[in-house]
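Undergrad: Quick one: the structure is below, and I'll ask about it shortly.
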Amino acid sequence: MDGDNLQVLEHQLNGLPASGTRARTVFSFATPLDLLIIAISCFAAIVAGGLNPLLTVLYGQLASSFAQFQNGTISGATLRSDISRFTLYYVYLGIALFVSVYITTIGFYYTGERITRTLRKTYLRTILRQNIAYFDMLGAGELTARLTSDMTQIQEAITGNLSVSLTAAATFVSAYVIVFVEYWKMALILTSTVIVLTVTGAVGVALPVKWTKQAQAFESSGATLAEEAISSMEHVTAFGIQEKLAQRYNDHLKPSERPGLKAGTMTALMIGMVNAVPYLSYALSFWEGSRLLVRGETSISGVTTSTLAIVIGAWAVGRVAPNAKSFISSIAASAAILKTIARESPQDPFSAGGERPDHSRFDITFRGLQFRYPSRPEITVLHDVNLVVPASKTTALVGASGCGKSSIIGLLERFYTPTRGKIFLGDYDLQSLNLNWMRSQMSLVGQEPTLFNTTIFENIVYGLAGEAAILTAQQLEDAVEEAARKANAHEFISALPQGYQTEVGEKGAQLSGGQRQRICIARAIIKNPQILLLDEATSALDVHAERLVQEALAAASEGRTTIVVAHRLSTIRDADNIVVMADGYVVEQGTHADLMALNGRYAELVRRQQISDDSSTERDDAGGMKYQEIDTDILLDKESVLDHQNSSVTKTEEKQSLPHVQEVCSTPSAESTLLENTAPSSSSWNALADTIKLIGKLSRPETILTFMAIILAIVAGISVPAQSVIFAKLIDALSLTPAHYLRERVDFWSLMYLVMGLGILVVWLCHGIIFAYTTEKLVHRARTQCFSHILRQDMGFFHLEENSTGALTSLLSSAPTDLKGLSGPVLGAILTFLATIIGGVVMSLIIGWKLALVCTATIPLVAGFGWVRLAMLNLFAKKMKKTHQTSAAYASEAVSAIRTVACLTLETQVLHQYDAIIASKSRESIRSILQASAFYALSQSITFLCAALAFWYGGTLLSTHEYSVVQFFICFAALISGAQTAGVIFSYAPGMSKAMNAARDLQLLFSRHPVIDSWDRSGKSFHKDQCGGQIEFRTVSFRYPSRLERLVLDDFSLTIRPGQFIALVGASGCGKSTLIALLERFFDPVSGSIAVDGQDISTLDLASYRSSISLVGQEPTLFSGTVRENLLLGTIDPVSEEEIVQACVNANIYDAIMSLPNGFATELGSKGIMLSGGQKQRLAIARALLRKTKILLLDEATAALDSQSEALVQAALNKASETRTTIAVAHRLSTIQHADIICVLEAGVYAGLVEIQNRGIAPTV
């Protein structure tokens, strides 16, 4: 490839070179109002931080007064006067702290919500504006992870971590200033504390950020696999590959543990240093301070104030440390998001640039077109294509799968850019046109119909994009109905209970494939496009519906430029120009008559499909059938004959009252209850207990390590009240005489501080590393178990709107991460703080019970305010979580269907709807923030009031000689630090709240046992080698759990003998695919039963039973991974290389695989995006053949294949069916001409059986 080709591919893969200034921080997305509020909040945070060290000044003054009173310098009355004055100062500081913390909390919460809301919208907008090549490498699971867990981490960083960091920084600076004011020499000496903490912080943040990014990359790849699996649950369930997918998911996550553990270890070292440095600072400060005191260079007040001030500064940094890990994660998350936002797309639908001609009724010209997919640059898909598509004419593209037909459609829609050559619309280069305008002139109907999780009406209206806003409600209804009638969809829509307001479910799961296709066609027709692109648009329709829709499309094509990609040549024989493609080249073109006269490739294709000019049916000499295309009316018309021949075969009316049906239907409804609504609300205490219980259960393998870490955490906590003894002894020693005795005592206790500091470093480091390890294991195990339990659920669970792919992927992404809020460093910190409080209370009661009781009484007050705040945040978090899950599910759905969104120019509409979802709860959150902030501010400021009370009462006891200075300082240091600790605990409240909500959701999922349980092994074993293949439907009636008002099957009975080939035919929505689903036991009948080899399938072991069945669905499902991995994913028994090759040869996919760069080792990308639709279908067929089962289910298995592939694959399937019991759902009767019995269904009952005999088609009952 030349440089230009490489540049084209490079731009499609990695975007255009940056043309503007890249947003470096999330604050680039703040409005001027946000920045003003942030500035005020920052100022308030700085004030709040600066107030804390002022306590040390009061503390030093009081310590000086105590020393003077003990030495007899001042009287008890003077001491009480000093105490009263300083106590009042404490109260003033407490009030100031309340106001500043309140402003800080409100401001950061409010702006954090607004900024992340803007960031979410900007991120989604950036995703929606990307070219399609970007999505070939991006899984929808990664998007969900970014919009949920990553955005949540960023919001936490703004609302919590930023304010804590600013407050800590202000405390540190304020403390440093106070030390300088007191005595500059002490300040310079204690600068060592600043240096150590600065270096520790720099290294302790930089490296973990790098490692956390690596861990998040692995988690994103796992999220993509999970999204693929959850969105394809029918195939996952049918093939019984839940365990294999769970193992693959685990393999994706496993590598993330190593960088995660590295980050945790470095964070543990940082936290250990931050906690050890204060003790080392005490040792240095008192030791050097005593020397200066003896020399008369400073006072007791100066030493005490300087020591406490610098240590308060160190402790302030220590408060940041437990939040460091989440802060690091948020930096890594924001970096990945900002990098995506900075990506400039070479095809931008939001761009206003480009030409907009008055109309688009021009010829379309392809000149010297060459094309390679950016994800597969080694393979040239189109070679020097020169082609003219006349305006207002119909041009058909035909050829084998993979020859480049759909690639031409993709290039026309500007999904991709040609590597060489150009496409012209009239005289306009297609690349020079405004992208949104250009796509608005086109309508595309693809071979895989894509609907959105809303009503039928809304799905059709999406075709109008922005034009819907200018129509009245009545005009809109009329336009929708007219489009539906043209697409032959009005009748079946009107028959639904809610008509056009029927919810179609995720990906249209509530409708049959043919019904979905017709709605997609209606959506294309309503747009009234100038250019109509039909890529196998009628492949999912039965022949009767296809003929009607073809007539509608033919009418719609009048006066429009139409390009049709087709495998069924009968659908394009009247095209104005037929273009025959092979291996990326245009080899022939002309009308049907011209090409038949040419007797080239097209004529060969026609002969293969056996199309005659009059579409007549031919028979061979032996009396066997040679027809390919027979209208289902030939069979459906025999209903009347059957009705007269046997009165038992009649169309029954839908039952109005079925007590037994209602009773059974209640079961699937109950078993599919949502996660959100299945559990009663519990108190915060119960929620906390349940969360810890769940974390303990998930961390059971690490029980011994956890126990060791808990002991170490308790030791770390007890060290705080223990050091109060050393602190009190040092304060007391400063007032001793003579000087040499003072120095001797200070040296001894300073040495004790040094020893304690080194010991605490080891303790914090050890339990930090252990908790980091157990946290990684916890999150990993929670993710894998969550994924396994999701895969365990029955189909009814996934049909509910709340359990959409996006919602479940969001749960999988965010809930395990949120458990960190009560694990690892946080859990260790909480245990440490509890040990500090309990140890302080016990020690104080022993030393001085009166002051101890007064100080202890303040702790519940502080804890109470903090707990109320936690409860309110818990409620607030529940609301926001629901909103973010809903919005993430919506965004995930849009990105999963990005080609449809792009074709319909829905990008702006998707953004508006997404914004409406996240804005709906934003306004409600303000009140919760105001209340929660008040309680948080009280929990912080009340510490000052507690200290005031302790000084006042302790000073009073001291003034009456009831307590000594040592007793007072031990009780004060142990208990007031305990009260402060109680306040610090609740700085973790947001994380604790999220952890409790996550634990609740996970517990509900883990405890849900579906009726049809893939984990259940209690049924009778069913060995596939012993399976005979006899199938009986015994008066089966069925209603879908999500549509109980509609009876889909009504007393259906059918017996299939071993080895028979049964074909199910009938109009779309008549129940054909439902029979397949019931046989796979995706659902249980509401009445009647299904038996295989005489055994009721509901009594059989589910896994072994499903291993006896192979399913090939209408929409092929592949997963990210190699070709080989996809082939072997559904196999149970060992498979040799020869068997793999033979299955691929039989499925006519072997040559295509060997043409790929790495053959069977070629990575297919998300959902097999690297292959064409036909190639994906053939690979799915090969996978089914490898299972070697006695029962083969084919649900429109060859709908996506070209005629040549279909003939070869059909021959292989026919051969496979000779030794298997085969049930085939078909619209093309050519695919079932070898069937033993054709079962015609209508409205959930069979209208007749048609047995294929040597002399023709004879109705039988």
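Each residue of the sequence shown is one higher than the one before, counting from 44 in our numbering. Here a beta-carbon is modelled for each residue, glycine too, at the ideal position from N, C-alpha and C.
Please name the residue, chosen from A932, R559, K436 and G871, that lies closest to A850 on a Cα-to-Cα basis.
TA: Ranking the options by Cα distance to A850, first place goes to A932.
Undergrad: Considering only the alpha carbon of each residue, which of G1062, A1255, V252 and A61 lies closest to I1224?
TA: Nearest of G1062, A1255, V252 and A61 to I1224, Cα basis: A1255.
Undergrad: Give the C-beta separation of R561 and V592 to the nearest angstrom, bearing in mind that I take them to be a contact with Cβ-Cβ under 8 Å.
TA: Correct: roughly 6 Å between the Cβ atoms.
Undergrad: Check whether the stretch 612 to 628 and the stretch 438 to 451 are in contact - that is, three or more C-beta pairs closer than 8 Å.
TA: The stretch 612 to 628 vs the stretch 438 to 451: in contact.
Undergrad: Take F467 and list the residues in its own chain whose beta-carbon comes closer than 6 Å to its own, dropping the five residues that flank it on each side.
TA: Counting only Cβ-Cβ distances below 6 Å, and skipping sequence neighbours, we find T408.
Undergrad: What first and last residue would you give for the alpha helix (DSSP H) that runs through Q560?
TA: Here the alpha helix (DSSP H) through Q560 covers G556 to I569.
Undergrad: Can you tell me whether DSSP reads L233 as helix, strand or coil?
TA: If DSSP states are grouped into helix, strand and coil, L233 belongs with coil.
Undergrad: What did DSSP end up calling L56 once you bin it into helix, strand or coil?
TA: Looking at L56 - three-state DSSP - the assignment turns out to be helix.
Undergrad: Following the continuous alpha helix (DSSP H) through C1187, name the residue where it begins and the one where it ends.
TA: Taken as a continuous stretch (DSSP letters only), the alpha helix (DSSP H) holding C1187 covers E1180 to N1189.
Undergrad: Take the Cβ of D680 as the centre, count every other Cβ of all protein chains shown within 10 Å, and call the residue buried at 16 or more, exposed below.
TA: Because the pLDDT at D680 is just 38, under 50, the model does not fix this residue reliably, and the value given afterwards should be weighed accordingly. It is exposed - the Cβ of D680 has fewer than 16 other Cβ atoms within 10 Å.
Undergrad: Contact between the stretch 854 to 865 and the stretch 306 to 323 is defined here as three or more beta-carbon pairs at a separation below 8 Å; is this criterion met?
TA: Contact fails: fewer than three Cβ-Cβ distances are below 8 Å.
Undergrad: Report the rounded CA-to-CA distance for R611 versus E491, giving the unit in angstroms.
TA: When rounded, the distance between both Cα atoms is 16 Å.
Undergrad: Would DSSP call N204 helix, strand or coil?
TA: Three-state result, N204: helix.
Undergrad: Short of 7 Å in beta carbon distance, which residues of its chain neighbour A1269, apart from the five on each side in sequence? Order them along the chain.
TA: Answer for A1269: A1106, V1108, E1239 and I1275, listed in chain order.
Undergrad: DSSP state of Y1031, grouped into three classes?
TA: In this structure, Y1031 counts as helix in the three-state DSSP scheme.
Undergrad: Closest to K736 by CA distance: which of T901, L171 and L865 is it?
TA: K736 has its Cα closest to that of L865, out of T901, L171 and L865.
Undergrad: Roughly how many whole angstroms lie between the Cα atoms of F791 and A776?
TA: When rounded, the distance between both Cα atoms is 10 Å.
Undergrad: Need the endpoints of the beta strand (DSSP E) that M485 sits in, please.
TA: Looking at the DSSP string, the run of the beta strand (DSSP E) that includes M485 is M485 to V488.
Undergrad: Can you round the beta-carbon distance between P1053 and F830 to whole angstroms, since I take them to be within the 8 Å contact cut?
TA: So it is not a contact: roughly 16 Å between Cβ atoms.
Undergrad: In the structure shown, what three-state DSSP assignment does T899 receive?
TA: Residue state, collapsed to three classes: helix.
Undergrad: By Cβ distance, which residues of its chain are closer than 8 Å to Y219, with the 5 residues on each side in sequence left out?
TA: Cβ within range, chain order: A230, V237, A352, I353 and G356.
Undergrad: Assuming the contact rule is C-beta atoms closer than 8 Å, A61 and E579 should be a hit. Round their C-beta distance to whole Å, please.
TA: Actually they are not in contact, since the Cβ atoms of A61 and E579 sit about 39 Å apart, beyond 8 Å.
Undergrad: Let me check understanding here. Comparing Cα to Cα, which of R419, E456 and F414 lies closest to G464?
TA: The shortest Cα separation from G464 among R419, E456 and F414 belongs to F414.
Undergrad: Following the continuous beta strand (DSSP E) through H426, name the residue where it begins and the one where it ends.
TA: Start and end: T423 to V432.
Undergrad: For the stretch 207 to 226 and the stretch 1040 to 1055, state whether three or more C-beta atom pairs, one from each stretch, are separated by less than 8 Å.
TA: The answer is no - the stretch 1040 to 1055 does not touch the stretch 207 to 226, with fewer than three Cβ pairs under 8 Å.
Undergrad: Quick check on DSSP: helix, strand or coil for D1144?
TA: It is coil, neither helix nor strand.
Undergrad: Using 8 Å as the cut-off, can you tell me whether the stretch 81 to 98 makes contact with the stretch 145 to 157, which would need three or more C-beta pairs spanning the two stretches below that distance?
TA: Contact between the stretch 81 to 98 and the stretch 145 to 157 is present, because at least three Cβ pairs lie under 8 Å.
Undergrad: For N571 and R942, I'd like the C-alpha separation in whole angstroms.
TA: Distance between the alpha carbons of N571 and R942: 19 Å.
Undergrad: Note the first and the last residue of the continuous beta strand (DSSP E) segment covering V447.
TA: Looking at the sequence shown, residue 447 is not Val but Gly. Careful: G447 lies outside any beta strand (DSSP E) and carries neither H nor E.
Undergrad: Here's the rule I'm using: 16 or more other beta-carbon atoms within 10 Å means buried, otherwise exposed. How should H955 be labelled?
TA: Counting Cβ neighbours within 10 Å, H955 comes out exposed, since fewer than 16 surround it.
Undergrad: In or out: I138 buried (at least 16 other Cβ within 10 Å) or exposed?
TA: With fewer than 16 Cβ atoms within 10 Å of its Cβ, I138 is classed as exposed.
Undergrad: For my contact list, I738 and L821 are in at a C-beta cut-off of 8 Å; report their separation, rounded to the angstrom.
TA: Between L821 and I738 the Cβ distance is about 6 Å, and since that is below 8 Å, they are a contact.
Undergrad: Taking C1282 as part of the beta strand (DSSP E), name the residues at either end of that continuous run.
TA: I1280 to E1285 is the span of the beta strand (DSSP E), which, as asked, contains C1282.
Undergrad: Taking only the alpha-carbon atoms, compute the straight-line gap between A1204 and G551 and give it to the nearest angstrom.
TA: Straight-line Cα distance between these residues: approximately 33 Å.
Undergrad: Going by alpha carbons, who is nearest to R1124 out of L122, S217, V279 and V1178?
TA: Ranking L122, S217, V279 and V1178 by Cα distance to R1124 puts V279 first.
Undergrad: Do R404 and S434 come within 8 Å of each other at the CB atom, strictly closer than that value?
TA: Reading the sequence as shown, one finds Ala at residue 434 and not Ser. It is a contact, given that the beta carbons lie within the stated cut-off.
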